[in-house]
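Encoded as structure tokens, the structure appears first; notes follow it.
Protein chains in written order, with my numbering: chain Z, 1 to 110; chain V, 111 to 220.
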């Protein structure tokens, strides 16, 4: 969670500070559907390194947009899910999806 | 512009491929208001390097979301502006702004 002092003045910059990276945006996209395990995310996000995935998830957890739940099984199962704050970003992802759909239609028609 | 073969299957990934970086998102935010010159952007985007700004602008130009216009003055004036395709991303930036505003209100009330 950002403190008031760390918060950029511009609201777009505030949002960009939290999800302004390729991988965080793709992680958000996945978690909007359901909770995911680390290794599932690693497999799905083609080209992401272990370190970048770990760092991205930790940063999103610190910012309060995702939760990390450890289920006491053998071996322990760790699941990442959107928090209510993360869930409130759904309109952003919807607008990105809508733009991507209309862009793909545009390209298909050229 | 992406060819059909380079296009990710997922529409969110298509959008992320074009503007999925902190700096590209902040450049978009600026250009949504009006055209900007290179040095103006450099001054406004605190912490961006000359190289990253140049690369980001070139990549956005290649993707067809911004235009680069050289005015034949002495010294030549170069202005970056949103193309019609870039302008069609306005709803994405609006949803990021709306989220940032509501997040800042939430933090202010805690």
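Don't be surprised by glycine CBs; every beta carbon is placed ideally from N, CA and C.
- Of the candidates Z/104, Z/110 and Z/92, the residue whose Cα lies closest to the Cα of residue 117 of chain V is Z/104.
- Going by C-alpha positions, residue 22 of chain Z is about 37 angstroms away from residue 185 of chain V.
- One thing to note: residue 155 of chain V has its Cβ within 8 angstroms of the Cβ of residue 163 of chain V.
- When the Cα atoms are used, residue 145 of chain V and residue 219 of chain V turn out to be separated by approximately 36 angstroms.
- The secondary-structure analysis by DSSP pairs residue 82 of chain Z across a beta bridge with Z/66.
- Pairing residue 29 of chain Z with residue 122 of chain V, the inter-Cα distance amounts to about 7 angstroms.
- In this structure, residue 190 of chain V places its C-beta atom within 8 angstroms of the C-beta atom of residue 167 of chain V.
- Contact of residue 37 of chain Z with chain V is not assigned, every C-beta pair being separated by 8 angstroms or more.
- Every unbroken stretch of the alpha helix (DSSP H) spanning 4 or more residues and falling wholly within the segment 3-36 of chain Z is given here in chain order: 11-19 and 22-31.
- For chain Z, the residues of the segment 208-219 of chain V that bring a beta carbon within less than 9 angstroms of one of its beta carbons are 208, 209, 210, 211, 212, 213, 214, 216, 217 and 218, in chain order.
- One finds nothing in chain V with a Cβ atom closer than 7 angstroms to the Cβ of residue 56 of chain Z; even the nearest lies about 12 angstroms away.
- Using a Cβ distance threshold of 8 angstroms, residue 176 of chain V and residue 157 of chain V do not count as a contacting pair.
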